[in-house]
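Worksheet: one structure, shown below.
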Amino acid sequence: MKFQPKGLSKKQLLLLYEELIIPRLIEEKMLILLRQGKISKWFSGIGQEAISVGAANALQDDEYILPMHRNLGIFTSRKIPLNRLFAQFQGKLSGFTKGRDRSFHFGSTDHGIVGMISHLGAQMGVADGIALAQKLDDRKKVTLVFTGDGGTSEGDFHEAVNVAAVWELPVIFLVEHNGYGLSTPSSQQFVFKNFVEKGPGYGIAAEKIDGNNILSVYTCIKKWAQKIRKDPKPVLIEAMTFRMRGHEEASGTKYVPKSLMEEWAKKDPIENYESFLLKEGILNDTLKLETKERVQKEIEEAIEIAFAEDIPESNTETELTDLYFPASHQEIRPQTDKSSKKRFVDAISDGLKQSLERNKGLVFMGQDIAEYGGAFKISEGYLEEFGKERIRNTPICESAIIGAGLGLSIMGRKSVIEMQFADFVSCGFNQIVNNLAKTHYRWGQKADVVIRMPTGAGVNAGPFHSQSNEAWFFHTPGLKIVYPSNPRDAKGLLTASIEDPNPVLFFEHKKLYRSISDTIPDDFYTLEIGKAAIVREGEDVSIITYGYGVHWAQELANKSSHSIEIIDLRSLMPWDKSMVEQTVRKTGKVLILHEDTLTGGIGGEISAWISENCFEYLDGPVVRVGSLDTPIPFSTKLEENFLPNGRLEEKLEQLIDF
Ligand SMILES: Cc1ncc(C[n+]2csc(CCOP(=O)(O)OP(=O)(O)O)c2C)c(N)n1
């Protein structure tokens, strides 16, 4: 291995040496603790330390790094106090996640680190968002994100690299090419030989380096960082290395040919660098021993502190409170009485536009939303008013863009992301349910993102453009779900969703866009999320519903001889339990109506809650009416039969007669 110090002083070379041995010595200790059952799973980075240490040292301290499971050297080089790191490994309070997540699954904005979630690939879109914020603020900073070679098979890699290329984001994608993804050799993961071949395919630069040579890593990353700080563009770095231990400690290395192990053992990053420093007279045996002993002592002391700390007690209230970033709602009222007639679609457009005016950092992203004004023309004229940096047409990649939303949030910016149709959110599902939803609970970072969801049927759009998919998200703690049924609520709840620092899925029924209108305030205003509304007072029976269901219920109430109370939930998470209880007490009979298919729909949860909490007020069973449990068919008659409206009256009569 050839080391080229390229202008590095002896002091710097020794510093890199010390930084390099810290993760190795920690790991040696951790492997002992693992055998003693004192820590959980361990993913070894032995043999790959030069990549993390070289990269971290090449960047400025406030430049963000998104490490993966073999990058202990990032955490140590960024000087995370070792006792806190070990406390994190043990699930203790002085770690970074209050015992809620393990190992490297945490971020620390103080250290410029955004840790991984288990799902490979998701971190790369987040890196794009961080880099975008840096670029928009003209901070001249790079963002570095890691991935293993196996993880690049995920679509997230393609999406994130492509977005970074199209948007010219200063991201260093650092691929650790270590030969295996768990037991699968690279040859079964991809057929190209090297990642550098991919760079030109994406129209970006790529460079292959010896990942076991700390100076190669350091100088390469430094060079690219300097370049792309000035001239923002992504770069793909392929660091060749080898995984010297099992995927994680329990899984062994039986499937790895012995010859490969032997070949790579000779390329050990620490032994080779040490020999070089000794040969050059920069290091000597005494200094080497002294350094090791000092580091070992620091490790032992930190372990003692972490071990002495008790396992945290759990407090249900704190657990539930920490789900969301604290957001005390302050209703903003319109400043004047001015109002005008607006269709549902215009009300949404108005709310979004006024939010863009109010929040200068807010970025709006989506497919065809700029020049074209969006599939439903919500953002027509925005581009001229707010400029292309804030009104961002995106490539067709839901996952990377939602990940980028989280990255923007980490950098203190709000974002609104338009799904062209709510159906396509399935392609960004992971980012929502695993990244946006869990980030605050896990490490206290807010995910200040609103996802706009043009949803619903009745427009002859078939199985992939008409779904009701709110229940997919209802089940995932950490998200808020808002679903207005009229223009006034649509504007006031969209603005409130944007003001709220938590992830909100905002459902907009497409059939309402141009079919209803109302006179609503011209000024900016917000309405409180989580509050239902009584749309119509009644005595005999309550229909609890939301979205288009409110309109079906009204149609029925208008022609019915019964006195029907209609409750519009407006927010599905959190939903208004007190209003539900109030109406159950009043009428004693409840029908829950939703456009979503019946099984597993939100109605099931509300019904269960009523049975459990309001049983004594009920004069009949809680009845649910939803769509057929099939995909949504295209043809008019089929769609009509699928939707619940045709069965509503009969069900209501049965309930009244009960
Ligand atoms: C989306 C997803 N699928 C599968 C896994 C399980 N898994 C964890 S690590 C891993 C192998 C990763 O290989 P690579 O990206 O090359 O990184 P390495 O472990 O070699 O450093 C797999 C399959 C996962 N964590 N996430």
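Counting along the sequence shown from 1, when you hit position 438 you're at 731 in this note's numbering, and nothing is skipped either side. Don't be surprised by glycine CBs; every beta carbon is placed ideally from N, CA and C.
Reducing DSSP to helix, strand and coil, say where Ala826 ends up.
strand
Helix, strand or coil: how does DSSP classify Met323 here?
Residue state, collapsed to three classes: helix.
Using the DSSP secondary-structure output, state which residues sit across from Tyr548 in a beta bridge.
None; Tyr548 has no bridge partner.
From Phe817, Lys930, Trp335, residue whose alpha carbon lies closest to that of Asn652
Phe817
DSSP three-state label for Pro924, please.
coil
Please return the same chain residues whose Cβ sits closer than 6 angstroms to the Cβ of Gly721, not counting the five positions on each side in sequence.
Annotation for Gly721: Glu691, Ser692, Ile695 place their beta carbon closer than 6 angstroms to its own, counting only its chain and skipping 5 residues before and after.
Any non-hydrogen atom of ligand 1 closer than 7 angstroms to Leu475 Cβ:
Indeed, a heavy atom of ligand 1 lies less than 7 angstroms from the Cβ.
Chain-order list of residues whose beta-carbon lies under 7 angstroms from that of Gly496 (same chain, five-residue window excluded):
Ala458
Heavy atom of ligand 1 less than 7 angstroms from the Cβ of Asp442, yes or no?
Indeed, a heavy atom of ligand 1 lies less than 7 angstroms from the Cβ.
Starting from the Cα of Pro926, find the closest Cα among Gln760, Ser544, Gly840 and give me that residue.
Gln760
Beta-carbon contacts of Ala764 that lie in its chain and below 8 angstroms, excluding the five residues immediately before and after
Within its own chain, the residues whose Cβ lies closer than 8 angstroms to the Cβ of Ala764, once the five positions on either side in sequence are excluded, are Asp889, Gly893, Gly894, Ile895, listed in chain order.
Tell me, which residues are paired with Arg863 by DSSP?
Arg863 is not bridged to any residue.
Of all the options Pro914, Leu931, Gly913, which has the alpha carbon lying nearest to the alpha carbon of Leu921?
Leu931
Between the beta-carbon of Val588 and the beta-carbon of Leu318, is there less than 8 angstroms?
Yes, the pair counts as a contact, with Cβ atoms nearer than the cut-off.
Which parts of the region 904 to 948 are runs of the beta strand (DSSP E), unbroken and 3 residues or longer, counting only runs that do not cross its ends?
916 to 920
Between which two residues does the beta strand (DSSP E) holding Glu602 run?
Counting along the chain, Glu602 falls outside any beta strand (DSSP E), and DSSP gives it neither H nor E.
With a cut-off of 8 angstroms on the beta carbons, I'd call Glu673 and Gly666 a contact; round off their distance for me.
3 angstroms
Using the rule of at least 16 other Cβ atoms within 10 Å of the residue's Cβ for burial, across every protein chain shown, is Asn364 buried or exposed?
buried
Does the region 442 to 450 touch the region 504 to 513, meaning 3 or more C-beta pairs lie closer than 8 angstroms?
no
In angstroms with no decimal places, state the Cα-to-Cα distance between Leu941 and Gly831.
So the two alpha carbons sit approximately 17 angstroms from each other.
Ligand 1 heavy atoms versus the CB of Asn471: any closer than 7 angstroms?
For ligand 1, at least one heavy atom lies less than 7 angstroms from the Cβ of Asn471.
Close Cβ partners of Tyr357 (< 7 angstroms) along its chain, the five nearest in sequence each way excluded:
Gly405, Val407, Ile423, Thr436
Does Val419 come out as helix, strand or coil in the three-state DSSP assignment?
DSSP places Val419 in helix when its eight states are reduced to three.
Pairwise C-alpha distance: Asn723 and Asp639
31 angstroms
Within 7 angstroms: the Cβ of Ser396 and any heavy atom of ligand 1?
no
Where the alpha helix (DSSP H) through Ala965 begins and ends:
Residue 965 lies beyond the range of the chain shown here (294 to 951); nothing can be said about it.
Leu413 Cβ short of 7 angstroms to ligand 1 heavy atom set:
yes
Whole-angstrom Cβ separation of Val843 and Leu884, contact assumed at under 8 angstroms?
Not quite, the Cβ-Cβ distance comes to about 13 angstroms (not below 8 angstroms), so this is no contact.
Cα-Cα, which of Thr477, Gln305, Val828, Val468 is closest to Gly492?
The option with the nearest alpha carbon to Gly492 is Val468.
Give the DSSP-derived three-state secondary structure of Glu542 in the structure shown.
helix
Suppose the cutoff is 7 angstroms on Cβ atoms and the five residues either side in sequence are ignored; what does the same chain contact list for Leu948 look like?
Val834, Lys882, Leu884, Gly913, Val916
Can you give me the Cβ contacts of Thr876 inside the same chain, cut-off strictly under 8 angstroms, excluding the 5 residues immediately before and after it?
So the list reads Ile827, Ser835, Ile837, Glu858, Ile860, Val883, once near-sequence residues are dropped.
Take the Cβ of Gly939 as the centre, count every other Cβ of all protein chains shown within 10 Å, and call the residue buried at 16 or more, exposed below.
The residue in question, Gly939, is exposed, as its Cβ has fewer than 16 Cβ neighbours within 10 Å.
Should Glu650 go down as buried or exposed, given a rule of 16 or more other Cβ atoms within 10 Å for buried?
exposed
Please list, in chain order, all residues of the same chain as Ile662 whose beta carbon is under 7 angstroms from its beta carbon, the five residues on each side excluded.
Ser672, Ile684, Asn686, Glu711
Three-state secondary structure assigned by DSSP to Arg735:
helix
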